[in-house]
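To keep things clear, I will list the structure first and then write my remarks on it.
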C-alpha cells in the first residue's frame, strides 16, 4: 500500500469520518482551516487519490461523489507496521524506549497501556 502525503491524509480523514459518498464541496468545507485550497487544487488531489486506489468516484450523478475505498484501520495498521519496521527495527521495546526518552510518555499513558494489554491478553483475539 502506498503512503499518503500530509494533505492527502487530511482528505482521507474527511472521507473516513463521513463514512459515505460526499461531494468535493463537502470535502473542501470540512478542510476549511486545515488546508487553504481552491476547488481546482482539491480536484487534482482527489484524482491522484483515486489513481492510487484510496478512493472511488461515483460519476453517475451531476455532482461527482467520493468515498474511501480503503478503511482507516487498514491504512493505520499498515502505516504503523512500516513505521515500526523502518524506525525501530520491528522492536516495540525500542519504540516505547524512544517515547520514554523523548518525554512523551506520561504516567497516565503507562496506566492506559497496562489496562489495554490486560484486556488484550484476556480477549480471544490474542490467543
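In the working numbering, the protein residues as written are 10 to 136.
From the three backbone atoms N, C-alpha and C, an ideal C-beta is built for every residue, glycine too.
- Residue environment for residue 77: buried (at least 16 other C-beta atoms within 10 angstroms of its C-beta).
- In this structure, the straight-line span from the alpha carbon of residue 43 to that of residue 35 is close to 14 Å.
- When DSSP states are grouped into helix, strand and coil, residue 32 belongs to the strand group.
- Distance from residue 74 to residue 31 at the Cβ level is roughly 6 Å; contact confirmed, criterion being Cβ atoms closer than 8 Å.
- Of the residues 46, 82 and 110, the one whose Cα lies closest to the Cα of residue 28 is 82.
- In the structure shown, residue 74 adopts extended strand secondary structure according to DSSP, grouped into three states.
- The C-alpha of residue 71 lies about 16 Å from the C-alpha of residue 65.
- With a cutoff of 9 Å on beta-carbon distance, residue 84 and residue 63 are scored as near each other.
- If the five residues before and after residue 54 are omitted, its C-beta is found closer than 7 Å to the C-beta atoms of 16, 17 and 20, all from its own chain and listed in chain order.
- Around the beta-carbon of residue 124, fewer than 16 other beta-carbon atoms lie within 10 Å, marking it exposed.
- Under the DSSP definition of a beta bridge, residue 64 partners with 77.
- Under the DSSP assignment, residue 25 falls in the alpha helix (DSSP H) whose first and last residues are 15-27.
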